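Reminder that position 172 of the sequence shown reads as 182 in my numbering, one-by-one numbering, no gaps. Notes follow the structure.
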Amino acid sequence: MTNVTSPISKAMMNKFTRFGMSMGLAALLLTGCGGGDQEQVSEQDEGSPVRGEWVIVHELSDAEGLNPITVNDASARAIFDRVYEKLLDQDFATTDLVGSLAEGRPTVSDDHLTYTFKLKQGITFSDGHPLTAADVLFSFKVVKNPLIIDAAPLRNYYEDLKDVVAPDEHTIVVTMNRPYFMAEFQLGDIRVCAKHIQDPKNLTDQYTFAETNDMAKAQANKAMAEFATWYNRAEMKREPSMNLGSGPYIFDEWKTQESITIKRNPKYWAAGKNKDNPAYVDKIIYRVMNDRSAAVTALKNQELDFMESLPPAKFAEEVDTTRLPYLVKHPYEAQYYTYIGWNTVRPVLSDKLVRRALSHLVDRPAMIKQVMHDLAVPMNSPIYPQRPEYDKTLPNINYDPKAAAALLAQAGWKDSNGDGILDKMIDGKRTDCAFTFLLNAGNEAREQVALLIVDECKKIGINATVKKLEWAVFLENLRTRKFDAYIGAWVNDPIPSDPYQIWHSSQADNKGSNYVSFRNKRADELMELNRIEFDEAKRAEYMKEFQRIVVDEQPYTFLWMPQFPCVYNKRLHNVKFSQVRPGYNPTQWWVPTSQWKYAPAQ
């Protein structure tokens with residue numbers, strides 16, 4: 011499917027095979043990849059962990075918001091996952107499901123329709139208010155309210171949720187309309203919000219889960235509509251006081267386009283008990299720097315402690331750890347892929363022959379070398395090659411401008427007026443073969459890719475241009491389908507494939523994650539069958555057929571699976587990496603008192 015003209019090296023494949031990457035709850039990611047020398051992360055640090063000090067983490071763009079129900083970009087998740095907690099979590103080292111707010115994994119009925127969770131004792135929100143089953147029930151009701159539009163990307167995982175009841179303050183019983191093979195993970199993945207903060211009028215008590223499953227009933231329920239209006243406000247996404255969790259950190263301050271600061275929760279209910287989240291540092295400051303050249307300079311000047319993703323060339327050529335011995339270079343594997351999305355409802359891009367032609371203009375091996383500095387492997391499917399459900403027989407769409415030109419001619423495109431641009435009569439109007447790439451500002455790697463493809467397009471008579479937007483505006487354009495093409499990436503949990511959120515027709519509307527408006531009846535059927543099947547072999551067959559449909563339709567041009575070219579300051583101790591998103595955990599870091607810079611030693 012993707013343009014792969016050389017095989018994946020055994021060494022590179024082995025590196026990625028260590029991480030079983032798969033599609034799960036997806037979130038847009040804004041990062042490039044890079045290569046170059048790397049320094050191994052120390053297996054053990056000198057001394058014992060100490061509490062205190064601040065650390066500064068680079069962010070390319072402002073997070074979209076703070077609310078885990080209505081926000082799903084990767085930058086936001088990396089921050090709010092330090093503030094909110096879930097019923098279940100994935101162990102940072104093993105990725106196994108373990109209890110977080112829940113005592114452990116749920117009791118599941120034989121028919122896979124009932125899941126019973128038991129909450130741990132003594133849980134409180136950061137304001138000291140007890141967290142009970144009522145807050146869990148409330149959080150599910152927020153997600154399920156169909157009038158809360160920005161919850162659509164998350165809501166798809168709870169479509170078959172029939173009811174949630176709380177027999178007592180520590181018990182939650184969830185009933186499903188039909189089995190879902192990922193139900194335990196997704197139910198456990200709910201981030202529990204504070205009902206006393208986010209529903210002061212108890213409006214969610216006035217509607218049922220049955221009503222959330224019926225749009226007509228939802229629209230007729232005044233309390234549901236009133237709550238949705240309240241919850242859809244910008245303040246619910248942005249205001250720290252409205253986003254109060256039970257986790258080891260609390261939101262402290264948001265300076266728009268400058269920084270988001272979280273500080274240690276002094277009332278954390280699990281202090282000293284949570285091995286994955288010991289919360290050593292007093293504050294974590296996520297500093298926004300759209301100019302990554304300036305960010306790299308700040309990193310080298312020790313004004314940043316951690317930079318998740320450097321521009322590949324800068325990672326390879328500018329960060330010299332011999333000359334800068336206080337820095338560590340560590341590219342790490344993560345569960346995501348980069349792609350070009352084509353808006354299939356745009357007249358110029360509605361024909362799969364045109365989309366296939368455009369895929370033939372992408373020289374992946376050359377781009378991986380030139381743009382990614384060889385820290386990436388080609389991608390040709392919405393399913394990762396390491397997954398058992400990956401179809402190894404998928405054809406690659408290689409770089410071939412002649413084949414692209416032939417496909418365009420087959421689709422009826424020709425230069426009828428001699429202006430050098432292909433055109434075609436569409437709905438009675440002569441239409442140029444032209445489109446614009448939408449990019450998030452500050453992502454040099456994506457811009458390089460777009461410009462290289464723009465040059466290839468011009469050679470065969472396609473007029474392609476590039477437009478850059480600030481991250482939140484970029485996301486809003488995708489969600490409202492105001493684009494021709496864009497370059498994006500999806501990051502995924504290390505779980506079996508469930509491509510419904512990104513590919514099902516139902517997710518092409520109401521700000522769902524099917525940004526390219528891909529609609530295919532058989533693909534929908536396969537995704538629906540996949541969700542209710544507990545036999546891994548049968549799911550693999552469904553997913554293989556699904557992949558063949560996507561490859562044939564080409565709504566995406568799949569590019570590659572990259573690595574994160576990460577650099578951090580050695581004053582950070584206990585820096586480890588994992589499959590669990592975002593791949594690192596700053597609540598585990600600590601700084602020796604001799605290297606404190608921002609807070610006085612205790």
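Glycine residues also receive a C-beta, built at the ideal position from the N, C-alpha and C atoms. Predicted, not measured: the structure shown is a model, and the values here were computed from it.
| Check | Outcome |
| --- | --- |
| Give the range of the beta strand (DSSP E) segment to which Phe-587 is assigned. | Segment: none, Phe-587 is in no beta strand (DSSP E) and carries neither H nor E. |
| Which residues in the same chain have their Cβ closer than 8 Å to the Cβ of Ser-363, if we skip the five residues on either side of it in sequence? | Checking the sequence shown, residue 363 turns out to be Leu, not Ser. Within the same chain, Leu-363 has close Cβ partners Leu-417, Leu-418, Gln-420 and Ala-421. |
| Using a threshold of 8 Å, state whether the C-beta atoms of Leu-157 and Asn-82 are closer than that. | no |
| So what does DSSP say about Arg-356, is it helix, strand or coil? | coil |
| CB Lys-96 to CB Glu-113, shorter than 8 Å? | no |
| Gln-100 bridges to which residues according to DSSP? | Leu-107 |
| Give me the Cα-Cα distance between Glu-466 and Ile-182, rounded to the nearest whole angstrom. | 56 Å |
| Could you say if the region 134 to 149 and the region 195 to 214 meet the contact criterion of at least three C-beta pairs nearer than 8 Å? | yes |
| Write down every uninterrupted run of the alpha helix (DSSP H) in the region 78 to 161 whose length is 4 residues or greater and which is fully enclosed by it, in chain order. | 84 to 90 and 143 to 154 |
| Have a look at His-583, Phe-90, Leu-107 and Lys-310 and flag the residue whose alpha-carbon is nearest the alpha-carbon of Val-329. | Lys-310 |
| What runs of the alpha helix (DSSP H), each 4 residues or longer, lie entirely inside the region 308 to 367? | 322 to 327 |
| Taking the beta carbon of Ile-436 as the centre, do at least 16 other beta carbons fall within 10 Å, making it buried, or is it exposed? | exposed |
| Is Val-476 near Ala-460, with beta carbons less than 8 Å apart? | yes |
| Where does the unbroken alpha helix (DSSP H) through Asn-540 begin, and where does it stop? | 531 to 542 |
| Can you tell me which of the three DSSP states Gln-605 falls into? | helix |
| Spatial neighbours of Gln-598 within its chain, please: CB distance less than 6 Å, with the 5 preceding and 5 following residues excluded, ordered by chain position. | Asn-584 |
| Check Tyr-525 in the structure and name its three-state DSSP category. | coil |
| Can you find the residues in the same chain that come closer than 6 Å, C-beta to C-beta, to Pro-78, ignoring five residues on each side of it along the sequence? | Phe-90, Tyr-94 and Arg-201 |
| Pick helix, strand or coil for Phe-556, following the three-state DSSP scheme. | helix |
| Taking only three categories from DSSP, how would you classify Arg-549? | helix |
| Strictly by DSSP, which residues pair up with Ile-66? | Ile-295 |
| Which same chain residues end up closer than 6 Å to Asp-199 when comparing Cβ atoms and leaving out the 5 residues on each side of it in sequence? | Lys-96 |
| Taking its Cβ as the centre, do 16 or more other Cβ atoms sit within 10 Å of Pro-258, making it buried, or is it exposed? | buried |
| Tell whether a beta-carbon distance below 8 Å holds between Arg-541 and Asp-508. | yes |
| In this structure, what does DSSP give as the bridge partners for Pro-288? | Note: Pro-288 sits in no beta bridge, so no partner. |
| Do you know whose CA, among Val-483, Ala-161 and Asp-442, lies nearest Lys-468's CA? | Asp-442 |
| Rounded to whole angstroms, what is the Cα-Cα separation between Phe-261 and Ile-295? | 10 Å |
| Tell me which residue opens and which closes the alpha helix (DSSP H) that Arg-188 is part of. | No alpha helix (DSSP H) holds Arg-188; DSSP gives it neither H nor E. |
| Run through the DSSP bridge pairs and tell me what Ser-303 is partnered with. | Note: Ser-303 sits in no beta bridge, so no partner. |
| Leaving out five residues on either side along the sequence, give the residues of the same chain with a beta carbon under 8 Å from the beta carbon of Leu-213. | Ala-233, Met-234, Glu-236, Phe-237 and Trp-240 |
| From the beta carbon of Thr-441, is the nearest beta carbon of chain C less than 8 Å away? | The structure shown contains no chain C; it is built from a single protein chain. |
| Helix, strand or coil for Tyr-510 per DSSP? | helix |
| If you measure between the beta carbons of Ser-110 and Asp-99, is that distance less than 8 Å? | yes |
| Along the chain, where does the beta strand (DSSP E) that runs through Phe-574 open and close? | 566 to 579 |
| Should Ile-66 and Asp-315 be called a contact, given that it needs their Cβ atoms to be closer than 8 Å? | yes |
| My guess is that Ile-378 and Pro-388 are in contact by the Cβ rule of under 8 Å, so how many angstroms apart are they, rounded? | 7 Å |
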